[in-house]
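Undergrad: Following this message is one structure expressed as structure tokens.
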Amino acid sequence: MNRLFQILLLILSFALVGCNKVELSSKEANYEGYFERNKKVYLEYSDEGDFLLKGISPKGFDLLSLRDEYYYKDNSGIYSQKKIMGSCSGRSCELKEIIVTKIIHIMGKSLSIYDKHNGIIKIDDDFYLLNKGSIYPVNPDDSRFNDLLKLDHILSSIGKIIYRNDNIELKNVNPNDFKAIGNHYAINAFVDKKHLYIYGRTIDIDFDYRTIKAFQSRLLKDKNGIYVYKFPSSYKIITGSIDIESFKLIGCSNMGCYFKDKNKIYYHWGGMDNFKKLEMQPDLETFEYLGAGLAKDKNNYYTQGRLK
């Protein structure tokens, strides 16, 4: 009899929990699986476990979709996800909590999304840009702010320029003459008249502001020389009989890049010691890049800088 009573009590407790579960909907983002139970917010993971959003109230709860990121909000503030506590195997999880950090208080203030693509929100009369869990005050009416916003991997806050990928503030930067010199899959390079920045780090190098440019293989050139960059902040000067004025890119892929000057063909596949002239020099007039590390002239084919 006692065993039967325990089973009935267990069934009743599950029923009461189910009745106390209220689905939450979003005004700003399309999502499913968030619900309120006992004045707390959960994310439904599976039939065997739900994740508690620790520290977030169901009052005013919403999920903000900005750029390619998501942020939580309630009536008190906006939150970024810090970490997930718990391990999952299949459909079963242990210690199921999503730990969040409040990045700004909004109690009693109005909130709206101003520019979803660039991650800009409006709180009362102030504007903020959200990026990778951080928040920056911005002025969308500032023309220079909008110019900088067009640069990939860069965001501009009031008095600051930030390398978006790592939330690194560029040191001693002059926003008025700041520009991109190479924004490729292999190198994100920017300069002002006194500083060279690659991946947000300052590179201590003398360069010519007017002629500096960066190529996909992490090679840089200005009127004075050719340089190979190595992450995070070192470089090597390429020496030899290269004609700097006529030196130019022929073609690139993730396997490397072909270059030429008025005398020779060169190949570089990343790394400080991986720049070379082709041993069997191709015919300069007919040499052409075909893609995927492959090139040809009137006599031969070349693959990744070698005679095929």
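Counting in my numbering, the sequence shown runs from 127 upward without gaps.
The beta-carbon is built from N, C-alpha and C at its ideal position, and this holds for glycine as well.
Just so you know, these numbers come straight off a predicted model, no measurement behind them.
#1: Quick check on residue 269: does DSSP put it in helix, strand or coil?
#2: So, residue 345 versus residue 394, is the Cβ gap smaller than 7 Å?
#3: So what does DSSP say about residue 263, is it helix, strand or coil?
#4: For residue 143, I'd like the list of residues in its chain whose CB is within less than 8 Å of its CB, leaving aside the five on either flank, ordered along the chain.
#5: Tell whether a beta-carbon distance below 7 Å holds between residue 276 and residue 307.
#6: Of all the alpha helix (DSSP H) runs that stay within the bounds of the stretch 236–310, which reach a length of 4 or more residues?
#7: Whole angstroms are fine: how far does the CA of residue 159 sit from the CA of residue 211?
#8: How would you label residue 354, buried or exposed, when you count the other beta carbons within 10 angstroms and need 16 or more for buried?
#9: Pick out the complete beta strand (DSSP E) segments inside the stretch 347–404, 3 residues or longer, and give them in chain order.
#10: Name, in chain order, the residues that DSSP records as bridge partners for residue 202.
#11: If you follow the beta strand (DSSP E) that residue 314 is in, where does it begin and where does it stop?
#12: Return the residue from the list 234, 329, 385 and 333 that minimises the CA-CA distance to residue 415.
#13: So residue 253 and residue 272 are in contact, right, with Cβ under 8 Å, and what is the actual spacing, rounded?
#14: How about the stretch 347–361 and the stretch 297–306: do they share at least three Cβ pairs that are nearer than 8 Å?
#15: Rounded to the nearest angstrom, what separates residue 282 and residue 363 at their Cα positions?
#16: Buried or exposed, going by whether 16 or more other CB atoms sit within 10 Å of the CB of residue 421?
#17: Buried or exposed for residue 434, please, with buried defined as at least 16 other CB atoms from any protein chain shown within 10 angstroms of its CB.
#18: Would you check if the distance between the CB atom of residue 182 and the CB atom of residue 204 is smaller than 7 Å?
#19: Within a Cβ cutoff of 6 Å, which residues of the same chain sit near residue 427, ignoring the five residues on either side of it in sequence?
#20: Measure the alpha-carbon distance for residue 165 versus residue 289 and round it to whole angstroms.
#21: Between residue 200 and residue 187, which are expected to be in contact by the criterion C-beta below 8 Å, what is the C-beta distance as a whole number of angstroms?
#22: Does DSSP classify residue 162 as helix, strand or coil?
#23: Which two residues bound the contiguous beta strand (DSSP E) that contains residue 428?
#24: Should residue 309 and residue 325 be called a contact, given that it needs their Cβ atoms to be closer than 7 Å?
#25: Only counting the same chain, and skipping five residues up and downstream in sequence, which positions put a Cβ closer than 8 Å to that of residue 274?
TA: Well, looking at it:
#1: helix
#2: yes
#3: Here residue 263 sits in strand by DSSP.
#4: Only weak support is given to the placement of residue 143: the predicted model assigns it a pLDDT of 46, under 50, and the question is left unresolved by the model.
#5: no
#6: 269–275
#7: 18 Å
#8: Using a 10 angstroms sphere on the CB of residue 354, the tally of other CB atoms reaches 16 or more, which defines it as buried.
#9: 351–356, 360–363, 374–379, 382–386, 391–394 and 401–403
#10: Residue 202 is not bridged to any residue.
#11: 314–317
#12: 385
#13: The Cβ separation is near 12 Å, so there is no contact.
#14: no
#15: 32 Å
#16: Buried: at least 16 other Cβ atoms inside 10 Å.
#17: exposed
#18: Not closer than 7 Å, so no.
#19: 434
#20: 39 Å
#21: 5 Å
#22: strand
#23: 427–429
#24: no
#25: 280, 281, 282, 287, 301 and 304
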